[in-house]
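A.B. asks:
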């Protein structure tokens with residue numbers, strides 16, 4: 029685990045590099061632009077649909093009683109809009125992740141590789157299409173599990189744990205591919221995933237705890253609903269920062285693992 033900790037320290041220092049801070053602007057502005065349009069057209073219809081479902085199935089009373097028993101009575105008046113907002117949240121994560129993968133991750137990989145691993149040969153085992161397919165496939169599974177676990181938001185500590193595990197799996201799946209896309213061959217990437225699976229998953233879960241924090245600001249009750257545009261923009265910005273730090277952490281760890289793998293291969297070659 030020393031390599032995990034060392035990679036975290038290097039990623040933390042690189043996070044404050046001017047290039048990394050500037051890099052967060054483009055994905056943030058793109059995601060905010062996309063969701064400003066999407067929420068303008070689709071948020072109110074979704075709120076109306078959720079409200080109609082609650083009314084049709086007489087869910088207001090039992091849901092209100094449950095919230096009162098959990099000490100969350102302040103959420104009773106904003107249940108439909110809050111649920112609608114939470115349904116949009118994984119889609120916001122999807123757009124942030126795609127924009128980070130397309131715009132930021134290639135730059136992060138080159139930044140880390142050229143500064144710290146200039147001796148590594150670039151074997152181009154990944155591609156932009158492969159990155160998009162990996163991200164979209166992972167997010168399809170992620171969104172399904174997110175929807176299934178939405179009731180856990182009534183139990184915030186348990187929701188945080190579940191979110192962390194979901195993020196751990198998703199970030200491990202997506203970030204390892206992007207971190208090694210330029211430098212590793214497909215075989216080398218599969219070898220690193222197999223050999224370092226649990227440490228990579230640990231990086232993902234720790235990052236998942238940070239990734240769960242933006243979602244927690246959506247639990248502000250009526251304030252979250254009243255200031256929803258600002259809450260959404262703040263969440264997207266935090267997700268972008270978390271993704272960039274996570275990308276740096278995975279890049280440092282994966283490129284270090286790749287350098288060690290090739291050094292071992294040279295030693296074992298007759």
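Numbering (the numbering used here), first residue to last: 29 to 298.
We put the beta carbon where it would ideally sit given N, CA and C, even for glycine.
Since this is a predicted model, take the numbers as computed values, not measurements.
Go through its chain and collect everything with a Cβ distance to residue 214's Cβ below 7 Å, but skip five positions before and after it.
C.D. replies: Residue mapping note: residue 214 aligns to position 186 of the chain shown, counting from 1. Excluding positions up to five away in sequence, the list reads 153.
A.B. asks: Output the distance between the C-alpha atoms of residue 200 and residue 263, rounded to the nearest integer angstrom.
C.D. replies: What you label residue 200 is simply residue 172 of the chain shown in a count that begins at 1. What you label residue 263 is simply residue 235 of the chain shown in a count that begins at 1. Taking the straight line joining both Cα atoms gives about 21 Å.
A.B. asks: Is the stretch 225-239 close to the stretch 180-196, with three or more CB pairs under 8 Å?
C.D. replies: Touching, yes.
A.B. asks: What's the gap between the Cα of residue 41 and the Cα of residue 75?
C.D. replies: Within the chain shown, the letter at position 13 stands for residue 41. Within the chain shown, the letter at position 47 stands for residue 75. Going from the Cα of residue 41 to the Cα of residue 75 covers about 42 Å.
A.B. asks: If we count Cβ pairs, one from each stretch, closer than 8 Å, do we get three or more for the stretch 273-282 versus the stretch 202-218?
C.D. replies: Yes, since at least three Cβ pairs between the stretch 273-282 and the stretch 202-218 fall closer than 8 Å, the two stretches touch.
A.B. asks: Give the C-beta separation of residue 59 and residue 123 to the nearest angstrom, bearing in mind that I take them to be a contact with Cβ-Cβ under 8 Å.
C.D. replies: In the chain shown, counting from the first residue as 1, residue 59 sits at position 31. In the chain shown, counting from the first residue as 1, residue 123 sits at position 95. Between residue 123 and residue 59 the Cβ distance is about 5 Å, and since that is below 8 Å, they are a contact.
A.B. asks: Closest to residue 115 by C-alpha separation, out of 34, 191 and 174, would be which residue?
C.D. replies: Counting from 1 along the chain shown, the entry for residue 115 is found at position 87. Here the closest residue by C-alpha is 174.
A.B. asks: Let me make sure I understand the geometry here. Which of 147, 164 and 121 has the alpha-carbon closest to that of residue 266?
C.D. replies: Position 238 of the chain shown holds residue 266. Per the Cα distances, 121.
A.B. asks: Rounding to the nearest angstrom, what Cα-Cα distance links residue 125 and residue 77 in this structure?
C.D. replies: Here residue 125 refers to the residue found at position 97 when the chain shown is read from its first residue. Here residue 77 refers to the residue found at position 49 when the chain shown is read from its first residue. For residue 125 and residue 77, the distance between alpha carbons rounds to 28 Å.
A.B. asks: Starting from the C-beta of residue 52, find all residues in its chain whose C-beta is less than 7 Å away, skip the five residues before and the five after it, and write them out in chain order.
C.D. replies: Locating residue 52 in the chain shown gives position 24, where the first residue counts as 1. Excluding positions up to five away in sequence, the list reads 268, 269 and 272.
A.B. asks: Can you grab the Cα-Cα spacing for the pair residue 260 / residue 235, in whole Å?
C.D. replies: The residue given as residue 260 occupies position 232 in the chain shown. The residue given as residue 235 occupies position 207 in the chain shown. When rounded, the distance between both Cα atoms is 20 Å.
A.B. asks: Check whether the Cβ of residue 281 sits closer than 7 Å to any heavy atom of the ligand FMN, and report yes or no.
C.D. replies: No copy of the ligand FMN appears in this structure; indeed no ligand is present at all.
A.B. asks: Which residue comes first and which comes last in the alpha helix (DSSP H) that contains residue 39?
C.D. replies: Stepping through the chain shown from its first residue, residue 39 is reached at position 11. 30-43 is the extent of the alpha helix (DSSP H) around residue 39.
A.B. asks: According to DSSP, is residue 209 helix, strand or coil?
C.D. replies: If you number the chain shown from 1, residue 209 lands on position 181. If DSSP states are grouped into helix, strand and coil, residue 209 belongs with coil.
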